[in-house]
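Asker: This is the structure I want to talk about, given as structure tokens.
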Amino acid sequence: MSDILEMTAVQLGGKIKSREVGVAEAARAALGQIRAAEPVVHAYVTVDEAGALKRAEEVQKRIDAGELTGPLAGVPVAIKDNMCTEGMLTTCSSKILYNFVPTYTAEAVRNLEKAGAVILGKTNMDEFAMGSTTETSAFGVTKNPWNPDHVPGGSSGGSCAAVAANECFYALGSDTGGSIRQPSSFCGVTGIKPTYGTVSRYGLIAYGSSLDQIGPIAKDVTDCAAILEVIASYDRKDSTSIPRDDCNFTSALQDDVKGMRIGIPRDYLGEGLDGEVKAAILAAARILEEKGAVVEEFDLSLVEYAIPAYYVIASAEASSNLSRFDGVKYGLRAKEYEGLHNMYKRSRSEGFGPEVKRRIMLGSFVLSSGYYDAYYLKALRTKALIKKAFDKAFEKYDVILGPASPSTAPKLGESLSDPLKMYLGDIYTISVNLAGLPGMTVPCGKDSRGLPIGLQLIGDCFKEKNIIRAGYAFERSRTYESPEITRNAQTGENNMYTKENLTYVAGDSKQAAGYKTDSIPGDSTDRITDDAVGSRTVGNAESRTGSTADIMSEGNAGSAAESTGKEAR
Amino acid sequence: MANVISDETIEYVGILAKLELTDAEKEEAKKDMGRMLDYIDMLNELDTSGVEPMSHVFAMNNVFREDVVTNGDEREKILKNAPEQKDGSFKVPKTVE
Chain A
1256 MSDILEMTAV
1266 QLGGKIKSRE
1276 VGVAEAARAA
1286 LGQIRAAEPV
1296 VHAYVTVDEA
1306 GALKRAEEVQ
1316 KRIDAGELTG
1326 PLAGVPVAIK
1336 DNMCTEGMLT
1346 TCSSKILYNF
1356 VPTYTAEAVR
1366 NLEKAGAVIL
1376 GKTNMDEFAM
1386 GSTTETSAFG
1396 VTKNPWNPDH
1406 VPGGSSGGSC
1416 AAVAANECFY
1426 ALGSDTGGSI
1436 RQPSSFCGVT
1446 GIKPTYGTVS
1456 RYGLIAYGSS
1466 LDQIGPIAKD
1476 VTDCAAILEV
1486 IASYDRKDST
1496 SIPRDDCNFT
1506 SALQDDVKGM
1516 RIGIPRDYLG
1526 EGLDGEVKAA
1536 ILAAARILEE
1546 KGAVVEEFDL
1556 SLVEYAIPAY
1566 YVIASAEASS
1576 NLSRFDGVKY
1586 GLRAKEYEGL
1596 HNMYKRSRSE
1606 GFGPEVKRRI
1616 MLGSFVLSSG
1626 YYDAYYLKAL
1636 RTKALIKKAF
1646 DKAFEKYDVI
1656 LGPASPSTAP
1666 KLGESLSDPL
1676 KMYLGDIYTI
1686 SVNLAGLPGM
1696 TVPCGKDSRG
1706 LPIGLQLIGD
1716 CFKEKNIIRA
1726 GYAFERSRTY
1736 ESPEITRNAQ
1746 TGENNMYTKE
1756 NLTYVAGDSK
1766 QAAGYKTDSI
1776 PGDSTDRITD
1786 DAVGSRTVGN
1796 AESRTGSTAD
1806 IMSEGNAGSA
1816 AESTGKEAR
Chain B
2 MANVISDETI
12 EYVGILAKLE
22 LTDAEKEEAK
32 KDMGRMLDYI
42 DMLNELDTSG
52 VEPMSHVFAM
62 NNVFREDVVT
72 NGDEREKILK
82 NAPEQKDGSF
92 KVPKTVE
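Those protein sequence lines, which keep their order, are chains A and B. Numbered according to the numbering used here, the first sequence spans residues 1256 to 1824. Numbered according to the numbering used here, the second sequence spans residues 2 to 98.
Below is the structure:
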């Protein structure tokens, strides 16, 4: 079992193909690790044990029949909880969608399913992807697997933590302002935000539609390239989808950067950047230089303007996108109200958390008459200038290299008290979304506290292959490191983490299959809901995982309700 | 703080955003929004005269298709998510007196 969990997605896919590992065996290994690590990490909102095992058998049959031959066939995956999965709870980590079960599956996830993926469950995130720490989730905080006193980053913090803690073999995330790249950096994993329009957004619950893009999160660049190759597709159901005939991303997995022109923006190395992060980034640049790349520093300009422009544009789009949550068609409806409009208002006010409300209000304001030109159009003009600055840079360079975040993962609870300061942490990732560019994070070291540091590689539009090649070449110079929790959990001993540390259990094995109650986060009373809601549980709870299962069964649903109660301010 | 958000503005934003805020939340929101707008005002340092607002990075054309239903009747599945339903429809509070 332990060997299986250490594998990358592509390595496991190879072993499945050669019949050295069974699909169900791989799924059971991941589910066992979920049971062992979740009490500490809490990367998942929903774990579908029964569904994953059933699916594993189907996929095995199709592999045996020669119908599924791709590199990811049979490999278990985790999906960020803002991508619709038919029949499986999809919450966006928000109270307002606490019981939403989609009737269709997001196109990117369908592409994975066609390639034989086994879905383990849905990962925690900042509510509606608004945040940089995964602390704004209505379903509890995700912890950094490297040190549970620290955040995993966000908003795809659950996906990145799950990959780092070996609770899946790879995951999908979404990136609106850095939500794949920053948590990848904090968790020591690799993640790609592709060129805007490369992966269909159909079924991705929208935050900032002109910026949102789905991408892969995995242990290495090879995995990310292989996953991206599968999820990239032209989709008529997404009007911003772009037909591309150059999606053979794995062809760029070459340890060869001779003559590659790499620029480091001086603006990315200045004030605000942690010294240890800076040293690690520059050391990574030297490695690429030694391999034959031509590396130099340059002035990108306009970097500090990306953040205010982003918060205007993203909030404006969010205020419009989130108007669909009104207590009529799905999700939470307030229990007490007077008339239709009051029902909308009460449902939304009870259902959204403070960060989401903050952005909806800011967005409503900047779009309101009298302020539209001064704020919204000004931000769109700034976006045009930022795009131009990148265009100019890419005339000279194939790849832009820099940090993914100014620091390593902050401690839990340090960021939310000052939203503006938290927003500033997105400075190196945000402009990439504004300009529609592909960006990737590759682990490049650790700080003195043992927290991972991520290298960000940015390419011109449609030039994923450049960053994949640079990332792959850099990665060859080091070996993948996984946090202690992956080793402890594998032995089933879990010495490091005692029962007192249990803060959340993604379901209670005592309640097992047929589990019908579900508490609305923040509610003092449980509420009986629809049968379909029962999926927020670790499905059927047979003791497959030995001692680790016992650890889970001693956690209780009460503690889950308690912790979410505290989170849901 | 350069941007002072008035009670009226917060009231108006509450209407636009369809949010009901407690008095404490309103005070918090006034402070938050003022601070954000002060920060966003940094954009005024940039000369953007003659720059076209860029809503999408790539030239986007509307995608047309025939108006045909392709996904079948999903009424029952969809209604399963409804907070309240009646006779195969979404049930909402009375809107016309």
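Virtual Cβ for every residue (Gly too), placed ideally from N, Cα, C.
For Ser56 (chain B) and Arg1283 (chain A), I'd like the C-alpha separation in whole angstroms.
Answerer: 46 Å
Asker: Counting only beta-carbon atoms, is Ala3 (chain B) nearer than 8 Å to chain A?
Answerer: It does not; no Cβ of chain A falls within 8 Å.
Asker: Consider the Cβ of Met1830 (chain A): report whether some Cβ of chain B lies at a distance smaller than 8 Å.
Answerer: Residue 1830 (chain A) lies beyond the stretch modelled for chain A, which goes from 1256 to 1824, so this question has no answer here.
Asker: Assuming Gly1412 (chain A) contacts Thr1389 (chain A) (C-beta within less than 8 Å), just tell me the rounded distance between them.
Answerer: 3 Å
Asker: With DSSP as the reference, please indicate the residues paired to Met1695 (chain A) in a beta bridge.
Answerer: A:Ile1447 and A:Leu1712
Asker: By how many angstroms is the C-alpha of Ala1548 (chain A) removed from the C-alpha of Val70 (chain B)?
Answerer: 53 Å
Asker: Can you look up Thr1340 (chain A) in the DSSP assignment and give me helix, strand or coil?
Answerer: Reduced to three states, the DSSP call for Thr1340 (chain A) is strand.
Asker: Can you give the Cα-Cα distance for Leu1692 (chain A) and Tyr1451 (chain A), rounded to whole angstroms?
Answerer: Leu1692 (chain A) and Tyr1451 (chain A) have their alpha carbons spaced roughly 7 Å apart.
Asker: Below 8 Å on C-beta distance, what does Arg1588 (chain A) contact in chain B?
Answerer: By Cβ distance, chain B contributes Pro84 and Glu85.
Asker: Tell me where the beta strand (DSSP E) around Gly1518 (chain A) begins and ends.
Answerer: Arg1516 to Pro1520
Asker: Which of helix, strand or coil does DSSP assign to Asn1402 (chain A)?
Answerer: In this structure, Asn1402 (chain A) counts as strand in the three-state DSSP scheme.
Asker: Note down the Cα distance separating Lys1828 (chain A) from Gly1714 (chain A), rounded to an integer number of angstroms.
Answerer: Nothing about residue 1828 (chain A) can be read from this structure; chain A reaches only from 1256 to 1824.
Asker: Go ahead and pull the three-state DSSP assignment for Ser90 (chain B).
Answerer: strand
Asker: Hey, is Ile1497 (chain A)'s beta-carbon within less than 8 Å of any beta-carbon in chain B?
Answerer: It does: the Cβ of Ile1497 (chain A) has a partner Cβ on chain B nearer than 8 Å.
Asker: Exposed or buried, what is Leu1675 (chain A) when buried is set at 16 or more other beta-carbons lying within 10 Å of its beta-carbon?
Answerer: exposed
Asker: Of all the beta strand (DSSP E) runs that stay within the bounds of the segment 1532-1570 of chain A, which reach a length of 3 or more residues?
Answerer: 1549-1553
Asker: With DSSP as the reference, please indicate the residues paired to Pro1707 (chain A) in a beta bridge.
Answerer: A:Lys1701
Asker: Using a Cβ-Cβ distance cut-off of 8 Å, determine whether Ala25 (chain B) contacts chain A.
Answerer: No - not a single Cβ of chain A is within 8 Å of the one on Ala25 (chain B).
Asker: Is there a C-beta anywhere in chain B that falls below 8 Å from the one on Pro1693 (chain A)?
Answerer: no
Asker: Apply the 10 Å Cβ neighbour rule to Ser1273 (chain A) and answer buried if 16 or more other Cβ atoms are within range, or exposed otherwise.
Answerer: exposed
Asker: Using the Cα positions of Ile11 (chain B) and Thr1734 (chain A), report the straight-line distance between them to the nearest angstrom.
Answerer: Rounded to the nearest angstrom, the two C-alpha atoms are 53 Å apart.
Asker: Looking at the unbroken alpha helix (DSSP H) that takes in Gln1266 (chain A), where does it start and where does it end?
Answerer: For Gln1266 (chain A), the uninterrupted alpha helix (DSSP H) segment begins and ends at Ala1264 to Lys1272.
Asker: For the segment 1632-1653 of chain A, list every residue whose C-beta sits within 7 Å of some C-beta in chain B, in sequence order.
Answerer: For the segment 1632-1653 of chain A, which is checked against every Cβ of chain B, the residues closer than 7 Å are Leu1632, Lys1633, Ala1634, Leu1635, Arg1636, Thr1637, Lys1638, Ala1639, Leu1640 and Lys1642.
Asker: How about the segment 1318-1325 of chain A and the segment 1555-1572 of chain A: do they share at least three Cβ pairs that are nearer than 8 Å?
Answerer: Taking a cut-off of 8 Å for Cβ pairs, the segment 1318-1325 of chain A and the segment 1555-1572 of chain A do not touch, as fewer than three such pairs fall below it.
Asker: Who are the Cβ neighbours of Thr1780 (chain A) in its own chain at under 7 Å, not counting the five residues just before and after it?
Answerer: Only weak support exists for where Thr1780 (chain A) lies, its pLDDT of 36 falling under 50; the coordinates are left without a value.
Asker: Would you report the Cα separation of Asp1493 (chain A) and Pro1357 (chain A), rounded to the nearest angstrom?
Answerer: Within the model, the alpha-carbon separation for Asp1493 (chain A) versus Pro1357 (chain A) is close to 18 Å.
Asker: Of all Cβ atoms in chain A, is any one closer than 8 Å to the Cβ of Ser56 (chain B)?
Answerer: yes
Asker: Across which residues does DSSP place Ser1623 (chain A) in a beta bridge pair?
Answerer: Answer is none; Ser1623 (chain A) lacks a bridge partner.
Asker: Could you name the residues of the segment 1594-1615 of chain A whose beta carbon sits closer than 7 Å to any beta carbon of chain B, in the order they occur along the chain?
Answerer: Gly1594, Leu1595, Met1598, Tyr1599, Lys1600, Arg1601, Arg1603, Ser1604, Lys1612, Arg1613 and Ile1615
Asker: Would Ala1461 (chain A) and Leu1555 (chain A) qualify as a contact pair, given that the criterion is a beta-carbon distance under 8 Å?
Answerer: no
Asker: Within this structure, are the beta carbons of Ala1420 (chain A) and Pro1400 (chain A) separated by less than 8 Å?
Answerer: yes
Asker: Please state whether DSSP places Tyr1585 (chain A) in a helix, a strand or coil.
Answerer: coil
Asker: Is there a Cβ of chain A sitting closer than 8 Å to that of Glu75 (chain B), yes or no?
Answerer: yes
Asker: Whose Cβ in chain B lies nearer than 7 Å to the Cβ of Val1364 (chain A)?
Answerer: What Val1364 (chain A) touches in chain B: nothing, since even the nearest Cβ is about 16 Å away.
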